[in-house]
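Here is the structure we will look at.
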Amino acid sequence: MCGFVGLIGVENAAAGAMMALQALQHRGQDACGIGTVTRGRAHVFKDLGMVSQVFTMGTIASLPGQSAIGHVRYPTVGAGVREDAQPFHTRRPGVLMAHNGNVTNVPQIEAWLARRGIRVQSNCDVEPIMLVFAEGLRGTAFENVKDAVRDVFDQVRGAYTCAAITEVEGEDTLVAFRDPHGVRPGVYGRNSVGAWAVASESVALDALGFEMIGEIPPGSVMLLRPNQAPRVAQVRTAVTHRCLFERIYFARPDSLMEDGRVFQVRWDLGQRLGEEFRAKGLTADVVVPVPDTSRPAAQAMAETLGLPFREGFIKNRYSGRTFIMPDARTRQSALRLKLNPIPEIMEGKRVILVDDSVVRGTTVKRLAELVREVKPKEVHLAVFSPPVKNPCFYGIDMPSKDELVAARVPEAEWARTFGVDTVTFLSVEGLRATAKTPACMACFDGKYPIEVSHDEVAAIVADRRGGGT
Ligand code: SF4
């Protein structure tokens, strides 16, 4: 999972990109980068680490120009090395590009490129996308850009939203395209002086004072230039399957997506979870969220059940997200540092502990141990998504079935495995009924909208294991 931003027509675009990337930092903490273009010449700075660690006044000053592409990286494939950080640049023709997503057929694309004498040099998915795009770009007219994106859609399978700067009709142009399924998000907007921006989430536009205009249409290519209306061409028919896990866990609650504010989606899921919890004949004394993602759903659940909502954990805001950390051991010791329980909220009570999702099960088990330390009467785990039983091949790190606790452990043993009295997952039907958009929910229901062959699955899993992410 990653985050990108693209800007054009902005004074000191690198500084703007840096601000936008800070708003997207939750999407990746492993590496970041910014590239700018001036008179056809690209300047790129990227390194391992978070935005505030990597960029200084000096590095921003070394990136001149009014157009920029920025990226924060969380690797789902390969080890976290500097060479794989984005954006990527190719000289002939000049293309600077970053993306969010996951390509499922890299070996085939590499073979296609090799037949044309082109070599992929990194482990980063955007490089083959960029090279296919650059190879297809046979001129600088809009028609040529459409042809190049058509080549990408023909050759590249998986989920991807891309932002690039290249010359079109003699002018530097911000180009954005999104695969026909629209799995990964992407929005665009403008400011009051005619500059344009594209980004993974609307919060990046908010940080820059840009107004969000809409989403980057799936299956389309979009051209943006200062003080001009966007030019959009539908290259493939869109068959949208937007990632529901973005709404449940990954995106910021203040982000606006095609189906509305993420906060509202989580609220609706919490309401439904409350109804399903009550239908099981369960009751409790207090509803406690696992901060921060679960807060809207826990509030909605508490309202639905007529129970008090209480913050039972204080979060150390200076520690990272546990899901994003590299291995289970680091994640476990980091959790105690990150969340400290308030005994008076839970002691002697029947507690509903609300979490967003259960993937490996290690975090929830440790959380239950933390709650047990303050001696509640009962602990009821309520999760506002269904059990994750299938890996994701479209950009979220759920590498293999044998690491997914809900796939590995029979349902009758979930409560004992997690160390709680009962477990209530939102039903698949409940999630489907709440979703306001045609969605991918393959990690929950196993119905993959984009074909992934047996060989591709094996290659992706092997790469992830090698990368240790
Ligand atoms: S499989 Fe799950 S995490 Fe992956 S894109 Fe689909 S909904 Fe999102």
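Position one of the sequence shown corresponds to residue 785 (our numbering), numbered consecutively onward.
The beta carbon of each residue, even a glycine, is placed where N, CA and C say it ideally should be.
ARG866 sits close to ASP831, with the two beta carbons spaced by under 8 Å.
Between the region 1136–1145 and the region 1118–1127 there are fewer than three C-beta pairs closer than 8 Å, too few to call the two in contact.
Three or more Cβ pairs closer than 8 Å define a contact, and the region 936–952 meets that threshold against the region 877–890. These are the residues, in chain order, with a beta carbon less than 6 Å from any non-hydrogen atom of the ligand SF4: VAL967, CYS1027, LEU1028, PHE1029, CYS1176, TYR1178, ILE1180, CYS1224, MET1225, ALA1226, CYS1227. Taking all protein chains shown into account, ALA852 has 16 or more neighbouring C-beta atoms within 10 Å of its C-beta and is therefore buried. Less than 8 Å divides the Cβ of PHE1047 from the Cβ of ASP1038. Between PRO848 and SER1169, the alpha-carbon positions lie close to 45 Å from each other. Three or more beta-carbon pairs separated by less than 8 Å link the region 879–894 to the region 937–949, which places the two stretches in contact.
With contacts defined by Cβ atoms closer than 8 Å, ALA1223 and ARG1026 form a contacting pair. The shortest C-alpha to C-alpha distance from PHE1061 to any of THR1206, ASP1140, VAL1241 is the one to THR1206.
Non-local C-beta neighbours of GLU1042 in its own chain, meaning closer than 6 Å and more than five positions away in sequence, comprise GLU999, THR1221, ordered along the chain. Three or more beta-carbon pairs separated by less than 8 Å link the region 1048–1057 to the region 1077–1086, which places the two stretches in contact.
Burial is judged here by how many other beta carbons sit within 10 angstroms of a residue's own beta carbon; GLY1058 has at least 16 and is buried. Taking all protein chains shown into account, ILE997 has fewer than 16 neighbouring C-beta atoms within 10 Å of its C-beta and is therefore exposed. Inter-residue distance for VAL959 and SER906 is about 23 Å (C-alpha atoms, whole angstroms).
For the 8 Å CB-CB criterion, PRO1002 and ARG962 form a contact.
Remark: C-beta atoms of VAL835 and LEU805 approach each other more closely than 8 Å. Every unbroken stretch of the alpha helix (DSSP H) spanning 4 or more residues and falling wholly within the region 1044–1069 is given here in chain order: 1046–1063.
Residues of the same chain with a CB within less than 6 Å of the CB of ALA807, apart from the 5 flanking positions on each side, are VAL987, ALA988, ALA991 in chain order.
Taken atom to atom, the span from the alpha-carbon of PHE872 to that of ALA1196 is near 48 Å. Here PHE788 is not near ALA918, since their CB atoms are 8 Å or more apart.
When only Cα atoms are considered, ASN886 and GLU1128 end up about 45 Å apart. The alpha carbon of TYR1178 has as its nearest neighbour, out of LEU897, THR822, THR945, the alpha carbon of THR945. Within its own chain, the residues whose Cβ lies closer than 6 Å to the Cβ of PHE1209, once the five positions on either side in sequence are excluded, are VAL1167, PRO1170, PRO1171, listed in chain order. As a beta-bridge residue in DSSP terms, GLN1018 pairs with SER1004. Straight-line spacing of the CA atoms in ALA979 and HIS810 works out to 25 Å. In the structure shown, PRO1233 adopts coil according to DSSP, grouped into three states. In terms of Cα proximity to ARG974, the closest of ALA983, VAL967, GLY966, ARG968 is ALA983. PRO1160 sits buried, since 16 or more C-beta atoms from the chains shown fall within 10 Å of its C-beta. Of all alpha-carbon atoms in ASN1100, TYR972, ALA1022, the one lying nearest the alpha-carbon of ARG1009 is that of TYR972. For ASN1124, the pairing in a beta bridge is given by DSSP as ILE1098. Less than 8 Å divides the Cβ of VAL1072 from the Cβ of MET1130. For VAL904, the CB contacts under 7 Å within the same chain, skipping 5 residues up- and downstream, are GLU894, LEU897, GLU911, PRO912, LEU915 in chain order.
Per DSSP, ARG1036 lies in no alpha helix (DSSP H) segment and is marked neither H nor E.
The Cβ atoms of LYS1173 and ALA1199 lie no closer than 8 Å to each other.
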